[in-house]
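Asker: When you line the sequence shown up against mature numbering (1 follows the signal peptide of the UniProt record, and there is no 0), it's residues -16 to -1, 1 to 161, in that order.
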Amino acid sequence: MHFFITAPLLAGLASAGFIDTIESIIKTSEPVEALSEWSYTNCGTDTDAISLHSFTLSPDPPVPGSPLTATFDFTANSEILEGAYVDIDVKLGFIILLSKTIDLCDDSEDGVLYDTGVSCPIAAGDYVLTKNVDLPAEIPPAKFTVESRGYTFDDQDMFCVDVVANFMTTVAVREGL
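(1) Residues in the same chain with beta-carbon distance under 6 Å from F137, minus the five sequence neighbours each way, listed in chain order, please.
(2) Would you mind sorting D139 into buried or exposed? The rule is 16 or more other CB atoms within 10 Å of its CB.
(3) So, S132 versus I72, is the Cβ gap smaller than 8 Å?
(4) Quick one: give me the first and last residue of the beta strand (DSSP E) that G109 is part of.
(5) Looking at C-beta atoms only, is the number of pairs between the region 91 to 107 and the region 36 to 43 that lie closer than 8 Å three or more?
(6) At a cut-off of 7 Å, would you count I72 as near the ligand ZN, judging by its Cβ distance to the nearest heavy atom?
(7) Should A108 and V130 be called a contact, given that it needs their Cβ atoms to be closer than 8 Å?
(8) For K115 and D141, I'd like the C-alpha separation in whole angstroms.
(9) Using the Cβ count rule (16 or more neighbours within 10 Å means buried), how would you classify residue 194?
(10) So what's I123 in DSSP terms, helix, strand or just coil?
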């Protein structure tokens, strides 16, 4: 039924030159930059063991296939002991792509604190933590949400951060396509 409604409409637009006009506007030999952005929300409370003051990324915005430096400026309101952990969910819309629990104090090469100059126990006080990671080149052009919830060794709230990353790619529309 929908075909019978849309076919005459599309035929009319094509005969009126509408589609040719759109094609002439979008055809280019130059790449077209699409939006790539990120933001974060500190969803923690005043009673959390860690108060996040700022969170920055470099480069900003992140680029798939490139190194990324994340810098966290925070205050440990109380000592953070071995056994603290972070629950991370990576979502695409409402679909959870990855759900993982990470030992915050793991100082192995794959650990959160590896090569940051910070180790457990983390004494109460102010910190600037810098973490370098390599972003995979295969990140699809989509909008992802990363929900991070930190907990102390005795399951008390430590921090809460939600990151939204909108990865889009450079698109090239070539003549004749």
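Yeah, the Cβ is synthetic: ideal placement off N, Cα and C, and Gly gets one too.
Answerer: According to the structure shown:
(1) L65, G67 and A68
(2) So D139 counts as exposed.
(3) The answer is yes: Cβ separation under 8 Å.
(4) G109 to D118
(5) Segments in contact, no.
(6) Absence of the ligand ZN is noted for the structure shown, with no ligands found whatsoever.
(7) no
(8) 22 Å
(9) The first residue shown for the chain is -16 and the last is 161, placing residue 194 beyond what the model contains.
(10) Three-state result, I123: coil.
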